[in-house]
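**Student:**
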Amino acid sequence: MMHPESHSAQAPAKAADADRIKQKALDLGFHKVGIAAIPQPSPPSPTLDRWLAHGYHADMDWMANPKRQDVHQIMPTARSMICVALNYYTPQQRPEGAAYGKIARYGWGKDYHRIMQSKLKALTHWLERDGEGIQARYYADTGPIQDKVWAERAGIGWIAKNSNVITTDYGSWVFLGEVVTNLVLASDRPHTHHCGTCTRCLDACPTGAIVSPHVVDANRCIAYHTIENRAESLPEAIRPHLQGWVAGCDICQDVCPWNERFAKPTDVAEFQPYPKNIAPPLEELAHLSDEEWNQRFPASALRRIKPAMLRRNASANLGEGE
Ligand code: B12
Ligand code: SF4
Ligand code: SF4
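Just so you know, we're using my numbering here: the sequence shown kicks off at 46 and counts up by one.
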């Protein structure tokens, strides 16, 4: 009789082929798909180590989870990473004017985690049904996996100087996700880098958060402070530089020439912005009640920004509070 563990450690009896899997991902609506082989054992991740050692993760202690460095701690039999990207760009532009708060594009429409996860779940179940012994597990943003690192390895795009993955088809306005599997699949080449001598994002960041090319110090990043920082007030070093941002920050993507040239409107209807997310008056946000917050952001990624945080962010832009 076969021991259950030795069974799961085996290469699956029927290895679905890479092209068929990629076609399935595209059929499910993903805009890009690529495959990276998972080296055994997992190679060390010195850049993540360095980032953590500098304290650039601020209070996001979950970034130190050792699984993030070693996929085999998630799935001991992991052999391939199927990486996907979903375009979320919509053509609306924010109005100019100090009266308005700015919400980053990732949060304009329906929560991307839900959209990504339902498509990834469908891909995972389809894979698992393909043969006995096939293991597959999906992630998008919230798991201890380095989404960008794997996306670059799978040829989706490159980790640019602003630290986002840029694709040559959609710019950096893409969400990333992946399916880890024990299938042995033909892999793609890692994407090459195309920032060249450009430094627009580093020059444009109002808080100097891109401390060197590819490295973002969360302690200085407006996206971190508006989304993750739960303190009652924002640091003095950040408050004067918010430039209207109340939820995330898109500055280092807005200035990127790849986004100026290659952003394409998405075909995902759920990413169409909730009308009130394009030009929310700061005064309104600064005094939004918990109940209004609840009604205003249904099924939205912005729910991570609790009502008190949103009021804090808006007030800081108005020069109120401390
Ligand atoms: C933590 C986190 C944050 C933190 C820290 C940001 C950061 N740059 O790490 C905060 C809260 C600030 C944040 C903000 C944003 N985030 Co975020 N975030 C994450 C998360 C959970 C982990 C990222 C991570 O591993 N950081 C750790 C550091 C070490 O990694 P890194 O910056 O990627 O560094 C790598 C490379 O730059 C390279 N590297 C480092 N040093 C050097 C030096 C050289 C010379 C070279 C060549 C390479 C190199 O190695 C590192 C990897 O080991 C991922 C989801 C996930 N599970 O992966 C989403 C993710 C990165 N975020 C995402 C988004 C959309 C954003 C925002 C755009 C949202 C917004 N509009 O406000 C901003 C962008 C800010 C920015 N410029 O990075 C998307 C990015 C999609 C894309 N196209 O790349 C992700 C992938 C979520 C998803 N699944 O779609 N985020
Ligand atoms: S998201 Fe904003 S604050 Fe953060 S690195 Fe980019 S430009 Fe700087
Ligand atoms: S602005 Fe320039 S340096 Fe920054 S990510 Fe875009 S191409 Fe790279």
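Think of the CB as a built atom: it goes at the ideal place given N, C-alpha and C, for glycine as much as any other residue.
So Ser125 packs on Leu228, CB below 8 Å; how close in whole Å?
**Tutor:** About 5 Å; that satisfies the 8 Å criterion.
**Student:** Ignore the nearest five residues each way along the sequence and tell me which others in Leu347's own chain have a CB closer than 6 Å to its CB.
**Tutor:** Contacts found: Gly152, Ala292.
**Student:** Counting only runs that start and end within the region 221-305, where is the beta strand (DSSP E) found for 3 or more residues in a row?
**Tutor:** 255-257, 290-292
**Student:** Are the CB atoms of Ile119 and Leu230 nearer to each other than 8 Å?
**Tutor:** no
**Student:** Pull up the CB-CB distance for Gln288 and Pro251, whole angstroms please, since I reckon it's below 8 Å.
**Tutor:** 6 Å
**Student:** Tell me where the beta strand (DSSP E) around Leu17 begins and ends.
**Tutor:** The structure shown has nothing for residue 17, since the chain only spans 46 to 367.
**Student:** Return the residue from the list Arg265, Val225, Ala359, Asn339 that minimises the CA-CA distance to Pro325.
**Tutor:** Considering only alpha carbons, the answer is Ala359.
**Student:** Which partner residues of Gly202 appear in the DSSP bridge assignment?
**Tutor:** According to DSSP, Gly202 bridges with nothing at all.
**Student:** Please state if the CB of Leu330 and the CB of Arg356 are separated by a distance shorter than 8 Å.
**Tutor:** yes
**Student:** Indicate the three-state DSSP secondary structure (helix, strand or coil) for Ala314 in the structure shown.
**Tutor:** helix
**Student:** Phe220: beta carbon under 7 Å from a heavy atom of ligand 1?
**Tutor:** yes
**Student:** Cβ of Pro280 versus every heavy atom of ligand 3: is any distance shorter than 7 Å?
**Tutor:** no
**Student:** Going by C-alpha distance, which of Arg174, Thr169, Gln191, Ile83 is nearest Tyr183?
**Tutor:** Thr169
**Student:** Can you name, in chain order, every residue of its own chain whose Cβ lies under 8 Å from the Cβ of Ala144, other than the five neighbours on each side?
**Tutor:** Pro326, Leu327, Glu328
**Student:** Just how far apart, CA to CA, sit Ala282 and His99?
**Tutor:** 19 Å
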